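Heads up, the thing below is written out as structure tokens.
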Amino acid sequence: AIDLLMDFPSSYNEDSPTAASFKKAAPVLLVSQADIHQGQFIKLNRPTPVLHEVSENGYTNIASESSVVTSLSRLKVYPEIFQKDKAWPYAIKALAMYLGVEPELGPGFIRFGSHLTIPMDQFNNIYIDFPVLPPSSRFLSQTAGFSALNYLNLEGKDEEELYELSFPIKDRIVLLGDTSEVSHDWFDTPIGMVYGVEIIADVIQTMLKGAPLQPASVAQEAMVAMVLMVGMIVLGIIKHPTLRVLLAFLVICAWGFGVSVMYVKQGLVFSISYALLAAILSFMVINMRYYLQEMSQKKMIKGAFGQYLSPKVVDILVKDPSKLSLGGEERVMTAYFSDVAGFSTISEKLTPSELVLLLNEYLTAMCEIIARYDGTVDKFEGDAIIAFWGAPLDQPNHATLCCHAAAEMQQYMVQMRERLVKEGRAELRVRMGINSGRMVVGNMGSKQRMDYTIMGDAVNLAARLEGANKFYASDTMISDATYQLAKDDIDCRVLDTVRVIGKKEPVIIYQLLGKKGEVTGVLAELLVHYNAGLEQYRARKYQEAIGHFEKAVAVIPNDGPSKTYLERCNEYLINPPADDWDGVFVFTSKG
839 AIDLLMDFPS SYNEDSPTAA SFKKAAPVLL VSQADIHQGQ FIKLNRPTPV LHEVSENGYT
899 NIASESSVVT SLSRLKVYPE IFQKDKAWPY AIKALAMYLG VEPELGPGFI RFGSHLTIPM
959 DQFNNIYIDF PVLPPSSRFL SQTAGFSALN YLNLEGKDEE ELYELSFPIK DRIVLLGDTS
1019 EVSHDWFDTP IGMVYGVEII ADVIQTMLKG APLQPASVAQ EAMVAMVLMV GMIVLGIIKH
1079 PTLRVLLAFL VICAWGFGVS VMYVKQGLVF SISYALLAAI LSFMVINMRY YLQEMSQKKM
1139 IKGAFGQYLS PKVVDILVKD PSKLSLGGEE RVMTAYFSDV AGFSTISEKL TPSELVLLLN
1199 EYLTAMCEII ARYDGTVDKF EGDAIIAFWG APLDQPNHAT LCCHAAAEMQ QYMVQMRERL
1259 VKEGRAELRV RMGINSGRMV VGNMGSKQRM DYTIMGDAVN LAARLEGANK FYASDTMISD
1319 ATYQLAKDDI DCRVLDTVRV IGKKEPVIIY QLLGKKGEVT GVLAELLVHY NAGLEQYRAR
1379 KYQEAIGHFE KAVAVIPNDG PSKTYLERCN EYLINPPADD WDGVFVFTSK G
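Heads up: take any position in the sequence shown, counting from 1, add 838, and you land on the working numbering.
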């Protein structure tokens, strides 16, 4: 069987001698080239008439395809070529000549008399079972030391040499092919680049073994694809994207191992494209579902929190929504309440447009400072602001952040008052109340309208402290709970130990004076006298206390807490408290 296309006459007039040699060496099989265009048979390019008359003929047209799992090649049989030219693929013709029978083409099979019946798939393909041999062991010239050149000239060889040459090829199918680089007769196969003549040999060997490789049935293909698809769908319960991708890869590897085992053990060839397409589409749908959920969640977070959280905090929540608890949860936080002193009186003196302009200017400035310190604005109630720290992000220093924000807001209000006075506008003074403790935070409200807000006794106390500033003419009042959490980062002075309405336990209250180290100059001098006066007051030495508080007022005439204690000491000189008084001042109103 000579795998050389001899479709042009020899330019050296060698066709006649070659034909004579073929006739003498019969049977000889030559090759034709089937011209196939877009799957349709066009014509058959046969050897020259001189050679065709003295030889048998078969056509070549190998369709090959590769896959990462079952890498397969196939030989396609074209019934139309057989019907028109009575021609068979080259390998089939070679095997038929070897067996001495005429092959029979049937629906889904080729029968070689009583010797062999070779099954084909629905597209008339025979799947090639390539032998796993190293390149150095595929040719007779490599294993026995013979090459085609040894057989081209037998003249002058004695009987022993002829026997030696005949031994490797006797009663076998001998294939001669061109392996030169100029022939370009090599193809990509599952075992690498293989010469065309090798593929013909592998097809013959495959048929001699009964064509053990068979395509999987439609039901088998569907079942394997369904198993893989279900595996991908099950991965939808895994929310972590990296883990989901890793497990998807492992599922595909397991599937690949399974079909490889069926290929080796049962000779079943699966088309990986269907199963992989099903897996990829399933995985894409799962990931698209998570993507849409994530986009919806991010949109919800931005819509729900963008108006009262700093952009930095919103970005963190968008990247990690797990930090957000949409239901109510209890945690230690810091609540902030503020209110403009005498706002009702101020509003009566302004037109509606002037009032809105002033209020917007004030609220905008305050909210910018709150956002700068990563606080959450809960709501506005007219001129009042309710905010908190410690949610939705965990902020271990929530008390410090709140106090620093409050100190900066009061500093801003000093500048704003000076500007408003110069412009002849109303002067604004803001009272602030701050408390830390356990409170409930989360989305609360009706199904139609929900707000991310805080609730609890600790929240109510912050509101009470805001109003209690009136009793001391102070601006920012914080509880002892807040002070204990932030004392290393803030400057304060003790205001009093009080009992607010609705509470039995007394509370130590402080006035926030600023960030740590900001108390200097006259304020520091005032605190020396104030603290001394407070010590005498607690010892019930009211006359001595009055002397210290008067010195404090002399330093800063409008210091509200010093004036408050002056009035209280003068009153206690006339009407001293009971002997069993515990030093706790009881608020009789909310402020």
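Don't be surprised by glycine CBs; every beta carbon is placed ideally from N, CA and C. Quick caveat: nothing in here was measured; it's all calculated off a predicted structure.
Does the Cβ of residue i have 16 or more other Cβ atoms within 10 Å, making it buried, or fewer, making it exposed?
i, result
"N1408", "exposed"
"L1195", "exposed"
"M1122", "exposed"
"E1036", "buried"
"C1091", "exposed"
"I1110", "buried"
"A864", "exposed"
"Q1233", "buried"
"T898", "buried"
"I880", "exposed"
"M1270", "buried"
"L1364", "buried"
"T1189", "exposed"
"Y1290", "buried"
"G994", "exposed"
"T1358", "exposed"
"G944", "exposed"
"D1177", "buried"
"A1377", "exposed"
Have a look at residue i and residue j and give me their C-alpha separation to the nearest angstrom.
i, j, result
"F1226", "A1209", "11 angstroms"
"M1031", "A839", "22 angstroms"
"L1003", "D996", "11 angstroms"
"M844", "A932", "17 angstroms"
"I1029", "K914", "19 angstroms"
"V869", "M1045", "19 angstroms"
"L1404", "E1388", "7 angstroms"
"M1251", "V1268", "8 angstroms"
"N1307", "N1281", "30 angstroms"
"S1098", "V892", "46 angstroms"
"L1332", "Q1131", "It is worth fixing the name first, because residue 1332 is Val in this sequence and not Leu. Roughly 51 angstroms between the two C-alpha positions."
"Y1001", "Q1043", "25 angstroms"
"R1257", "A1264", "10 angstroms"
"D1334", "G1421", "9 angstroms"
"Q1052", "S1018", "34 angstroms"
"L1114", "A1324", "59 angstroms"
"V906", "V1012", "Caution applies to V906, whose pLDDT of 34 falls short of 50 and renders its modelled position unreliable; the value that the coordinates give is listed next. The alpha-carbon atoms of V906 and V1012 are separated by roughly 33 angstroms."
"K1379", "K1401", "17 angstroms"
Can you tell me where the alpha helix (DSSP H) with residue i in it begins and where it stops?
i, result
"M1251", "H1236 to K1260"
"W1024", "No alpha helix (DSSP H) holds W1024; the beta strand (DSSP E) holding it covers W1024 to T1027."
"A1319", "D1318 to A1324"
"P1399", "G1398 to I1412"
"E1373", "G1359 to R1376"
"F1181", "F1181 to E1186"
"G1294", "Here G1294 belongs to no alpha helix (DSSP H), and DSSP marks it neither H nor E."
Less than 8 angstroms between the C-beta atoms of residue i and residue j, yes or no?
i, j, result
"D853", "L889", "yes"
"L1303", "I1347", "yes"
"D1221", "F1181", "yes"
"Y1112", "A1063", "yes"
"M1277", "M1293", "yes"
"G1213", "C1241", "no"
"N963", "R1010", "no"
"R1337", "F1218", "no"
"G1015", "Y1033", "yes"
"S1317", "N1273", "yes"
"G877", "I930", "no"
"V1170", "G1094", "no"
"Y965", "I1038", "no"
"G1166", "V1297", "no"
"Y916", "A858", "no"
"I1124", "I1207", "no"
Specify, as a first and last residue, the run of the beta strand (DSSP E) that residue i falls within.
i, result
"S1176", "E1167 to V1178"
"K820", "This structure leaves residue 820 out entirely; the chain is present only between 839 and 1429."
"K895", "Lys is not the amino acid found at residue 895; the sequence shown has Asn there. Counting along the chain, the beta strand (DSSP E) containing N895 begins and ends at E894 to T898."
"G944", "E942 to G944"
"L1193", "Careful: L1193 lies outside any beta strand (DSSP E), inside the alpha helix (DSSP H) at P1190 to R1210."
"K1103", "Looking at the DSSP string, K1103 is not in any beta strand (DSSP E); the run it does join, the alpha helix (DSSP H), is P1079 to Q1104."
"S1021", "Segment: none, S1021 is in no beta strand (DSSP E) and carries neither H nor E."
"P957", "L954 to P957"
Output yes if chain D places a C-beta closer than 8 angstroms to the C-beta of residue i; else output no.
i, result
"E1036", "The structure shown contains no chain D; it holds only a single protein chain."
Validate contact between the segment 948-955 and the segment 1078-1091 using beta carbons, cut 8 angstroms, 3 pairs: Counting Cβ pairs under 8 angstroms, fewer than three are found: no touch.
The segment 1327-1334 contacting the segment 1229-1249, beta-carbon criterion three pairs below 8 angstroms: In short, these stretches touch, since the Cβ pair count reaches three.
At least three beta-carbon pairs within less than 8 angstroms, the segment 1184-1203 to the segment 1348-1360: Under the three-pair Cβ rule at 8 angstroms, the segment 1184-1203 does not count as touching the segment 1348-1360.
Meets three-Cβ-pair contact criterion under 8 angstroms: the segment 1388-1398 and the segment 1357-1377: A contact exists between the segment 1388-1398 and the segment 1357-1377.
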